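Novice:
Residue numbers (the working numbering): 156 to 438.
Set out below in structure tokens:
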């Protein structure tokens with residue numbers, strides 16, 4: 156099983172090096188890596204050329220969605236895996252992923268890795284706040300000993316799907332540039348194309364340095380919640396709660412079914428419709 160790993164980056168050389176080195180060091184199989192460089196004037200361009208890493212490039216920051224879509228066009232493998240440029244991949248991450256994928260008879264699944272971070276991860280465990288103080292042995296031991304269960308309904312990166320599915324749904328929706336709301340939108344498009352397996356793989360862990368790129372002061376985030384609401388008639392939280400059955404905190408318990416109508420669901424939907432009408436009329 157060969158994977159095309161797509162990594163968008165915006166002048167983030169220190170972290171990009173760290174992510175790429177972890178993939179090269181900790182992968183059991185050989186995979187294709189494709190980086191999209193937004194600008195790349197910090198030395199990232201020279202680095203990927205020197206290392207002979209496949210890449211695309213734009214002169215300015217074109218946003219996460221467009222970056223990933225552009226880079227994915229160079230993919231030559233069956234699976235697309237999207238990663239941030241500030242993640243450290245665990246040992247044999249691809250073995251755990253391959254073992255999971257071999258369970259399925261078709262391509263209608265969406266799998267994500269387990270984010271480990273100082274805070275705001277699926278698992279909070281401090282192994283450092285930057286590449287310079289990252290405790291690799293501590294992270295490796297944690298991955299080896301951790302007994303966490305697979306989880307239901309996550310939409311966190313890194314995520315993987317078959318390229319046929321990726322192409323069918325058109326990748327990321329570029330109206331969500333530079334990126335807020337793009338992941339739940341991707342999941343919603345998969346749902347509309349009959350994907351019912353949304354699963355976080357516990358053994359496929361990455362250490363995440365908390366979206367270093369998107370926290371740069373010159374990046375103005377979009378209102379992804381509003382865009383999602385106007386597109387589907389409800390917000391991402393409603394989708395995660397009633398469709399995906401969780402936000403990456405509930406143990407995985409099988410293939411999802413269509414939401415069951417309940418009073419709580421109808422009430423939440425009513426609130427969403429009021430917000431939808433407000434945005435339509437007043438913005």
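All C-beta atoms, glycine included, are put in the ideal place defined by N, C-alpha and C.
Keep in mind it's a predicted model, so treat the numbers as computed, not measured.
If you compare alpha carbons, which of 335, 407, 390, 330 is closest to residue 420?
Specialist: Looking at the Cα atoms, 390 is the closest of the given residues.
Novice: In whole angstroms, what separates the C-alpha of residue 213 from that of residue 392?
Specialist: Between residue 213 and residue 392, the C-alpha separation is close to 33 Å.
Novice: If you pair each beta-carbon of the segment 206 to 225 with each one of the segment 326 to 335, do three or more pairs fall below 8 Å?
Specialist: The answer is yes - the segment 326 to 335 touches the segment 206 to 225, with three or more Cβ pairs under 8 Å.
Novice: Helix, strand or coil for residue 205 per DSSP?
Specialist: If DSSP states are grouped into helix, strand and coil, residue 205 belongs with the helices.
Novice: Using the rule of at least 16 other Cβ atoms within 10 Å of the residue's Cβ for burial, across every protein chain shown, is residue 308 buried or exposed?
Specialist: Burial call: buried.
Novice: Check residue 410 in the structure and name its three-state DSSP category.
Specialist: Reduced to three states, the DSSP call for residue 410 is coil.
Novice: In this structure, does DSSP put residue 104 in helix, strand or coil?
Specialist: A question about residue 104 goes unanswered here, because the residues of the chain that appear run from 156 up to 438.
Novice: Just verifying my parser: in three-state terms, what is the DSSP assignment at residue 223?
Specialist: In the structure shown, residue 223 sits in a helix (DSSP, three-state: H, G or I).
Novice: For residue 340, count the other beta carbons within 10 Å of its own beta carbon; 16 or more makes it buried, fewer makes it exposed. Which is it?
Specialist: Answer is buried; the Cβ neighbour count reaches 16.
Novice: According to DSSP, is residue 193 part of a helix, a strand, or is it coil?
Specialist: Looking at residue 193 - three-state DSSP - the assignment turns out to be strand.
Novice: Buried or exposed for residue 417, going by 16 or more other Cβ atoms inside 10 Å?
Specialist: Exposed is the call here.
Novice: Can you give the Cα-Cα distance for residue 360 and residue 302, rounded to whole angstroms?
Specialist: Roughly 12 Å between the two C-alpha positions.
Novice: Who are the near neighbours of residue 166 in its chain, counting only those whose CB is closer than 6 Å to its CB and skipping five residues on each side?
Specialist: Correct list, in chain order: 194, 197.
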